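Below you'll find the structure, written out as structure tokens, and then a few comments.
Residue numbers (the numbering used here), protein chains in the order written: chain A, 80 to 602; chain B, 89 to 129.
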């Protein structure tokens with residue numbers, strides 16, 4: 080009898096899990112958040128949120144995933160169903176399918192920009208562009224958002240398709256033959272490239288001696304110098320919790336999907352810590368040391384603050400591309416930076432397709448090839464929606480509801496299902512089984528009380544602070560409203576489709592996952 | 089380097105130390121104790 084697929088070796092699993100977590104946010108979002116929220120002082124709420132929110136949620140997700148895998152489930156509907164035996168729980172799991180699928184829909188478009196820019200770096204497409212505004216026009220015209228360098232969107236479309244092909248090629252090779260192999264090469268490469276740029280930042284120092292304030296060290300000081308007065312404001316605590324939340328990729332259904340390919344007694348605690356460690360290394364040490372220090376060395380601190388306020392892409396794509404056109408070996412450094420972002424993006428995006436692929440295999444008896452092709456076709460349709468209506472705010476709308484708000488909803492739901500419905504006593508046994516280290520007992524109480532309370536606080540604050548204004552289109556251009564409404568309809572249609580599929584699967588097979596033999600002999 | 093203030097250096101040092109500990113402790117344990125998932129087979 081064929082066994083369910085498993086990870087080939089432990090390091091491969093850790094790299095794949097780390098790849099899932101390490102993404103564009105580590106290199107682009109983190110430095111902007113840190114710099115805007117008190118510099119060194121930001122790290123206090125950041126590490127507190129990491130310990131009270133990030134680590135507990137990550138362990139809970141690994142545990143739910145490993146347990147689900149024992150019942151043949153690689154996606155949240157089946158995992159929640161077997162965890163609670165509650166009739167409603169599997170429908171909450173539909174959110175896990177929705178988030179991973181829809182985030183991938185727009186995420187592949189974003190990472191395709193970095194692939195495009197790494198190619199442009201090599202062939203010198205933006206060589207003559209030295210100022211931020213012109214580079215901004217270059218990026219916007221590439222995205223089809225205004226006139227400029229590009230006369231059509233074909234280049235953007237080409238790199239988008241190429242990104243999709245790369246993703247689904249990796250996915251078609253399966254867990255150990257595709258995702259694990261890719262991550263084993265990608266993560267060390269990514270860290271190597273990142274460290275190369277960090278070393279360069281230290282050597283770069285002050286590129287123009289006549290402007291001593293234009294220095295990478297001024298940028299480092301800006302990120303790390305603590306402003307303690309901000310610690311008394313709620314914004315810094317929420318920003319830190321949000322960053323921890325996004326960086327570890329919790330609440331998406333992807334960690335659980337990967338963990339479902341563990342064996343019953345495989346350790347999850349030490350491996351989870353190693354994964355979180357690699358993610359934090361990429362974020363705090365590499366991510367914090369590249370974009371802002373480099374931008375400060377070339378544009379000065381005041382302008383870097385303006386650039387960062389314009390968003391992560393403004394800093395990571397526009398500013399960085401402008402810097403690299405000005406320096407010796409700039410095209411090589413530019414290529415390294417953009418390919419680093421691309422690799423970080425792909426290691427995350429392949430994880431996002433996995434829950435739906437598993438769901439189709441285990442609930443609808445699709446074999447690997449058929450499920451990958453099906454998800455690939457659905458993805459192809461989805462990315463066209465984002466690609467065609469990008470300039471009308473569709474990506475932002477998807478990112479807010481699916482990539483931000485829903486993540487907190489799913490995390491809260493799963494920690495309640497795990498600690499309160501399944502029960503913390505059984506949950507603790509589940510977490511501890513096969514563990515290579517003893518989990519500090521305090522996490523029993525953190526998972527049961529502190530993490531849910533923390534999430535309820537975040538969810539309540541976000542509901543009043545941003546969800547209601549976003550729902551009512553506050554600050555949205557009149558011309559964009561119809562497109563943003565379209566994005567919401569798109570989200571609801573996909574959610575209803577997933578709920579219907581779950582209903583059908585449970586009606587036909589009572590939610591029992593098909594075995595590997597049945598899947599391999601499947602349609 | 090003198091443009092980096094002492095407070096910034098202290099916080100950077102603490103942040104880096106925490107992160108390095110978080111990587112080195114589990115990875116060292118995993119790599120040196122040869123705790124491997126394959127051994128379960």
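We put the CB at the ideal spot given by N, CA and C, even for glycine.
Bear in mind that the values here come from a model prediction, so they are computed numbers and not experimental data.
Burial state of residue i, where buried means 16 or more other Cβ atoms lie within 10 Å
{"i": "residue 210 of chain A", "result": "exposed"}
{"i": "residue 558 of chain A", "result": "exposed"}
{"i": "residue 105 of chain B", "result": "exposed"}
{"i": "residue 589 of chain A", "result": "exposed"}
{"i": "residue 271 of chain A", "result": "exposed"}
{"i": "residue 180 of chain A", "result": "buried"}
{"i": "residue 167 of chain A", "result": "exposed"}
{"i": "residue 405 of chain A", "result": "exposed"}
{"i": "residue 528 of chain A", "result": "exposed"}
{"i": "residue 425 of chain A", "result": "buried"}
{"i": "residue 479 of chain A", "result": "buried"}
{"i": "residue 289 of chain A", "result": "exposed"}
{"i": "residue 554 of chain A", "result": "exposed"}
{"i": "residue 431 of chain A", "result": "buried"}
{"i": "residue 149 of chain A", "result": "exposed"}
{"i": "residue 169 of chain A", "result": "buried"}
{"i": "residue 548 of chain A", "result": "exposed"}
{"i": "residue 128 of chain B", "result": "Confidence in residue 128 of chain B is poor, its pLDDT being 47 and thus under 50, which makes the residue's placement unreliable; the coordinate value appears in the next sentence. Per the 10 Å Cβ criterion, exposed."}
{"i": "residue 346 of chain A", "result": "buried"}
{"i": "residue 233 of chain A", "result": "exposed"}
{"i": "residue 441 of chain A", "result": "buried"}
{"i": "residue 524 of chain A", "result": "exposed"}
{"i": "residue 522 of chain A", "result": "buried"}
{"i": "residue 99 of chain A", "result": "buried"}
{"i": "residue 314 of chain A", "result": "exposed"}
Per-residue DSSP class, three states only, for residue i
{"i": "residue 287 of chain A", "result": "coil"}
{"i": "residue 408 of chain A", "result": "coil"}
{"i": "residue 328 of chain A", "result": "coil"}
{"i": "residue 128 of chain B", "result": "Residue placement at residue 128 of chain B is poorly supported in this model, since its pLDDT is 47, which falls under 50; the coordinates are not used for a value here."}
{"i": "residue 201 of chain A", "result": "helix"}
{"i": "residue 314 of chain A", "result": "helix"}
{"i": "residue 524 of chain A", "result": "helix"}
{"i": "residue 150 of chain A", "result": "coil"}
{"i": "residue 594 of chain A", "result": "coil"}
{"i": "residue 322 of chain A", "result": "helix"}
{"i": "residue 223 of chain A", "result": "coil"}
{"i": "residue 90 of chain B", "result": "coil"}
{"i": "residue 558 of chain A", "result": "helix"}
{"i": "residue 456 of chain A", "result": "helix"}
{"i": "residue 264 of chain A", "result": "helix"}
{"i": "residue 26 of chain A", "result": "Shown here, chain A extends from 80 to 602; a query on residue 26 of chain A therefore has no answer."}
{"i": "residue 85 of chain A", "result": "coil"}
{"i": "residue 165 of chain A", "result": "coil"}
{"i": "residue 55 of chain A", "result": "Only positions 80 to 602 of chain A appear in this structure, which leaves residue 55 of chain A out of reach."}
{"i": "residue 589 of chain A", "result": "coil"}
{"i": "residue 472 of chain A", "result": "coil"}
{"i": "residue 121 of chain B", "result": "coil"}
{"i": "residue 116 of chain A", "result": "coil"}
Best match in the options for proximity to residue i [C-alpha to C-alpha]
{"i": "residue 224 of chain A", "options": "A:483, A:469 and A:587", "result": "A:469"}
{"i": "residue 551 of chain A", "options": "A:362, A:526 and A:476", "result": "A:476"}
{"i": "residue 273 of chain A", "options": "A:498, A:308, A:533 and A:102", "result": "A:102"}
{"i": "residue 337 of chain A", "options": "A:202, A:135, A:583 and A:95", "result": "A:95"}
{"i": "residue 139 of chain A", "options": "A:540, A:434 and A:339", "result": "A:339"}
{"i": "residue 448 of chain A", "options": "A:264, A:377 and A:253", "result": "A:253"}
{"i": "residue 543 of chain A", "options": "A:484, A:83, A:257 and A:445", "result": "A:484"}
{"i": "residue 496 of chain A", "options": "A:245, A:400 and A:171", "result": "A:171"}
{"i": "residue 152 of chain A", "options": "A:196, A:570, A:436 and A:498", "result": "A:436"}
{"i": "residue 536 of chain A", "options": "A:330, A:317, A:346 and A:354", "result": "A:317"}
{"i": "residue 175 of chain A", "options": "A:530, A:491 and A:599", "result": "A:491"}
{"i": "residue 178 of chain A", "options": "A:89, A:419 and A:329", "result": "A:329"}
{"i": "residue 261 of chain A", "options": "A:581, A:335, A:539 and A:92", "result": "A:92"}
{"i": "residue 373 of chain A", "options": "A:409, A:222, A:505 and A:343", "result": "A:409"}
Anticipated Cβ contact below 8 Å, residue i with residue j, distance rounded
{"i": "residue 200 of chain A", "j": "residue 403 of chain A", "result": "7 Å"}
{"i": "residue 250 of chain A", "j": "residue 516 of chain A", "result": "Between residue 516 of chain A and residue 250 of chain A the Cβ distance is about 32 Å, and since that is not below 8 Å, they are no contact."}
{"i": "residue 194 of chain A", "j": "residue 241 of chain A", "result": "7 Å"}
{"i": "residue 351 of chain A", "j": "residue 141 of chain A", "result": "5 Å"}
{"i": "residue 465 of chain A", "j": "residue 185 of chain A", "result": "5 Å"}
{"i": "residue 494 of chain A", "j": "residue 534 of chain A", "result": "7 Å"}
{"i": "residue 507 of chain A", "j": "residue 259 of chain A", "result": "Not a contact, Cβ separation roughly 29 Å."}
{"i": "residue 375 of chain A", "j": "residue 298 of chain A", "result": "3 Å"}
{"i": "residue 417 of chain A", "j": "residue 197 of chain A", "result": "4 Å"}
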